[in-house]
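Sequences listed follow chains D, V and W, in order.
The first sequence begins at 30 in my numbering and counts up one residue at a time.
The second sequence begins at 34 in my numbering and counts up one residue at a time.
The third sequence begins at 1482 in my numbering and counts up one residue at a time.
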Amino acid sequence: MLGLIQYPARLLRATKRQTAALALPDRRDLETIGLHLLLVGSVLLIVFPILVAAIVSTKQTGIVTGLADLVPGGHVVENYRTVLVDYQFGRFMWNSFLMATVIVTGKLALSIFAATAIVYYDLPYKDLLFLFILFTLLLPVPVRFIPLFQLVADMGWTNSMLAITVPYLASATTVFILRQHFLSIPSSIVETAKLDGVGPLKFMAFVLLPMSKGILVGVSVIMFVFAWNQYLWPLVIINAEADQVAQVGLALLEGDVVGGEVSWSLVMAGSMLTLLPPLLLLILFRKPLLRAFVIQQK
Amino acid sequence: MSSREIYTDRRTAGLLLLPTILVSLVFLYYPAARAARRALYSSQLGLDDEFVGLENFAELLTSGGYQSRLLLTVGFAAVVVAGVMVVALLLTFLVHEVGTGKSIYLVAAIWPYALPPAVAALVFIFLVHPSLGVLSGPLATLGVDLDWFADGRQAFVVVTVAAIWKQIGYNVIFMIASMNNIPETLTETARLDGVGRLRRLLWVYVPIMTPTLFFLVILNTIYAFFGTFAFIDIMTGGGPSGATNILIFDLYQEAFDFFNWGLASAKSVVLFAIVGVLMYVQFRLTDKYSHYGA
Amino acid sequence: MGSDEPYDRYVSRRRALKGAGAAVTAGVVGLSGCVGDDGGDSGSGGVDPLADELTVWHAMGGQLGETLDGIAADFQDETDIEVTMQFQDSYEDVLQNTISGFDSGEMADMLQVDSLFAQQVLDTGEIRPVENILPDSFDTDDFLDNVTDFFVIDGELASMPFNNSNAIMYINRDAFAEAGLDPDDPPSTIADVRAASETLVGEGVTDYGITWPNHVWFVEHWYSLEGELMTDAENGHAGDPSQFRAPDAVTDLYDWWQGMEEDGLYTNPGIEAWGEATSLFVEGNCAMLLTSTASVAGLIADSEFEVDAVPYPTISETRVGPVIGGASFYVPEGFSEDRYDEIGQLLEFMADPSVQVDWHKGTGYYPITESSLEELRSENWFEENPNYETALNQLRNGDAGDPATKRILLGPARQVQTTVQNQSVDIIGSSDLEGSIDSMQEQATAELEDYYG
């Protein structure tokens, strides 16, 4: 230690920089390769369960009991045809898609309104109001289930699109996320808007929305997945099988396995089908997801 | 008054809030309140209600079984929240650092999140079923003898890993947005100062990402308490010996298997109170320690 | 009608509670009260039908569900009465929807209830015995004795038996032969099962000897075959039970079970893991499987080896008889008389020999009426498909008069079921076998006291 201090500081720094410069290309390359290896490894680990599901979906009975079984089987066409045609998955998925689209659109609109009011309006008891919305997260379906069923049945909504969409339209999560995001928009921008005398609707449309593209895409993906995966509520409130959603269709397949049959492959084929729309969504919106806040930086 | 509160017209504010409040009241609070009233009644099959006052609550608070389930749930939630966030943060950081192929990695990392919980649980059974699982053989050669149908600690680990795995994508979505928001100049400065990658993540990125991380803590807590139900239901049924019997499963079983709706309602009120307090504290911390804007 | 009287025994306590809480109920369950009132003529709580057409909530997935749809279509062709068969995922979900339905006031017309949950549904006090719904021409004597023994409550057929089964043992003949065992002399006691398992595993033919889903039904079979009651009051068929029994034979059972587990001769597929257990057998991990006779068709089709269905292994040499399994159809109280007329026609149709014969052939559930049995015999069906006869013989050889062969009929059946299943795992992993069995007995007894006390 003491010996090091003997060297003039400048010399030491120069040496350091020189070695850095010399080693730079090699080290960077190695690091990049290392990063990719790490990423490929972790991503494989994360996707592995889905790969197993995909392989199971190509087999006859779909039992895989060891790594050696992890080769695709020859029943792809047969299994997926059974699921799509015999189990009407095409129909179910279309219904799910409609339901999810209505929920995402409605939730997005309602939540933007609510978050704008909470952040940009001078209101009394604002925190309480916000907590009122936030605390809806603590009311799990099993608790509300029966009274909700009675309520919706009394409204005459059984078997309708209203029944499987409207009760979902208030979103604590989305309001919460948008509130956090709005709070992170520099107040200087907001003040400019105020000085220019921009009304609330224009403010939302021309200031808030363009500055929130990434986060809006993010929450939309999450809302879509949430809506797409709804199971218990559609199961009870929708009686007509033709109006049923994909997750309930999946339960139809699972019923066989629960009953002791070995039709794991059909269950997994159905699961893979229901995973496709979220995947498409992710691929479509990968850019805004990555560049979420870039616009805000300018 | 914050400088953001640029509007004062309360009627407009009311109109903007009305739809959300209306839907919350009608479809969320009202049914929940109706169900919660049941907590004051003894209702074994849901058909015959007899007013018993706070008896159901007294039964819960004095039940040793319930107390240990409560502790178990808090422990489970802590492990799940911490686990999800550490893994997601590291993964997000890797995606952030890598030059090419970002979006492919991102899509692959997020995708499993789209799996419905019930299917995710089923897939996990495929992987680690003690005698049928794809991984039980390889794990045995590594000296890990899977026996989680009988071994409570193993069951806890298996369910926790499954619950963490399912929630990673959700966190990555927000973390990547937040991390990409960090000005490039900060990263450059850190690099020039010779700050290593991991230290850059911990000492430069994480503090800036605090608001995002804080709200993810809240949402992950909700997930751990309520959203992990399917894993317990399908994988362990709360067992063995109650090792995975978390409150939401216990509540569901009381209501829909045993039809003790009075007691189940009391349980849901207690659960609401616990998570409500937790959430309130987290929310306060978020607003206190997060600095928004410049 | 007067259909309620025979049920007083089951209903009285609940009715009393209900009367006392009537005012409260009207307030608390406000909306459901309204719905009930709309029903008008329904005196007791009252329900409305779910839809104009007849609705059936069932738990038959896949192929079985399609068969039910087919039955509905045939019925519609014959009578012009529309029927929707609604699959509810599982017996547990049917039960949940049933209880919730009574609460909300909208009910399906027929409910397929697992025999295990029979008392829970009866305890609602909102069930009309099918005997009062079936057309007068219907002959209830046609049902097999063993079947009616469970479903006749206080002298009346409470529900329409439909898909009934018991547990049998399936063996992998090829594996037996490979291990040098005689597949024509299968194990008949649990000691035999152990001996065979030791050979199978010792010879390296299979990983384990035997498996079965961790479900209370299998424990029930061991009790009944041994002639032992699971609870007092004849398993709940003769009054309110107050005691869960654990006779010596049960200690023998768990002692065996524990030894099998410790020596790697048995593997636990998981709680209520019917599919996993079947997979273990079909994949050749286990050469013996205990499961429902309803799996016979699927097992033969899915296995790449020769399968034999043989009687359930007993604890000792005693073999009194199996308990019944499967489900029956219940009909709620409170609809219009015209509607009951239509429901009666559907019930009659489903018990028709032609329907029953097809159902048996497609599934393995045994035929439940003498006339359908005769029809199958006249076709030489059992000679050609002996595996389909195992469960039936097991049933018919059983002593239907012994109360132990009546399946538990308990209000807190689900609680007792959960306790037995969870505690079984604890017992076989415990170093204190007797103490663990005592703890299971205490917990199950406490549940009975809680409910009936």
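Don't be surprised by glycine CBs; every beta carbon is placed ideally from N, CA and C.
- The beta carbon of F291 of chain V is closer than 7 Å to none in its chain, skipping five residues each way along the sequence.
- Excluding five sequence positions before and after T1795 of chain W, the CB atoms of its chain that fall closer than 6 Å to its own CB belong to T1670, L1706, given in chain order.
- For Q1567 of chain W, no CB of chain V lies under 7 Å from its own CB, so it is not counted at the interface with that chain.
- Residue ranges of uninterrupted beta strand (DSSP E) with 3 or more members, entirely inside the stretch 1686-1722 of chain W and ordered along the chain, are 1689-1692.
- Pairwise C-beta distances place the stretch 1532-1552 of chain W in contact with the stretch 1585-1594 of chain W, as three or more of them are shorter than 8 Å.
- Judged by beta-carbon spacing, F142 of chain D lies within the 7 Å limit of L49 of chain V, meaning their Cβ atoms are closer than that value.
- If you ignore the 5 residues before and after Y1747 of chain W, its C-beta comes within less than 8 Å of the C-beta of S1678, Y1689, G1690, I1691, T1692, W1738, M1741, all in its own chain and listed in chain order.
- At the C-beta level, I206 of chain V and G247 of chain D come within 7 Å of one another.
- In the structure shown, E1637 of chain W adopts extended strand secondary structure according to DSSP, grouped into three states.
- Along the stretch 213-227 of chain D, going in chain order, the ones with a CB nearer than 8 Å to a CB of chain V are S213, I214, P215, S216, S217, V219, E220, A222, K223.
- Around the beta carbon of V314 of chain V, a 10 Å sphere encloses fewer than 16 other beta carbons of the protein chains shown; the residue is thus reported as exposed.
- When DSSP states are grouped into helix, strand and coil, R1800 of chain W belongs to the coil group.
- The DSSP assignment places complete alpha helix (DSSP H) segments of no fewer than 4 residues inside the stretch 1811-1858 of chain W at 1818-1832, 1834-1844, in order along the chain.
- Shown here, T133 of chain V sits in coil according to DSSP, grouped into three states, outside any helix or strand.
- In terms of Cβ geometry, R208 of chain D and A144 of chain D form a close pair [threshold 7 Å].
- At a beta-carbon threshold of 7 Å, the residues of chain V lying near G95 of chain D are V167, G170, ordered along the chain.
- Beta-bridge partners assigned by DSSP to G1807 of chain W: W:N1645.
- By DSSP's assignment, S1760 of chain W forms no beta bridge with any residue.
- Interface residue (Cβ-Cβ distance to chain D less than 7 Å): Y138 of chain V is classified as such.
- Chain order gives the chain V residues near N258 of chain D as P149, where near means a beta carbon separation below 7 Å.
- Taken through DSSP and simplified to helix, strand or coil, W1862 of chain W comes out as helix.
- By the CB criterion at 7 Å, N1627 of chain W and L1828 of chain W fall outside the cutoff.
- About 18 Å separates the beta carbon of T269 of chain V from that of V177 of chain V, a gap too long to meet the 8 Å contact definition.
- Proximity to F264 of chain V across V:P145, V:V120, V:A151, V:M118 peaks at V:A151, based on C-alpha coordinates.
- For L1576 of chain W, the CB contacts under 6 Å within the same chain, skipping 5 residues up- and downstream, are F1598 in chain order.
- DSSP, read as helix, strand or coil, puts T1772 of chain W in strand.
- Residues of chain V whose Cβ lies closer than 7 Å to the Cβ of H104 of chain D do not exist, since the nearest Cβ in that chain is about 17 Å away.
- At least one CB of chain D lies nearer than 7 Å to the CB of D1584 of chain W.
- Between Y40 of chain V and P229 of chain D, the CB-CB gap stays under 7 Å.
- In this structure, DSSP gives R120 of chain D a helical state, which the three-state scheme calls helix.
- Relative to I1889 of chain W, the option among W:S1723, W:T1759, W:F1583 whose CA is nearest is W:S1723.
- Listed along the chain, the chain W residues whose CB falls inside 7 Å of the CB of A182 of chain D are S1585, E1587.
- Residue contact check for S1646 of chain W against chain D: no CB pair falls below 7 Å.
- Scanning W:T1772, W:T1799, W:S1809 for the CA closest to the CA of V1791 of chain W turns up W:T1772.
- Looking at the backbone, the Cα of D1839 of chain W and that of E1860 of chain W are separated by about 12 Å.
- Per the Cβ contact rule, the stretch 1891-1899 of chain W is in contact with the stretch 1711-1726 of chain W (3 or more Cβ pairs under 8 Å).
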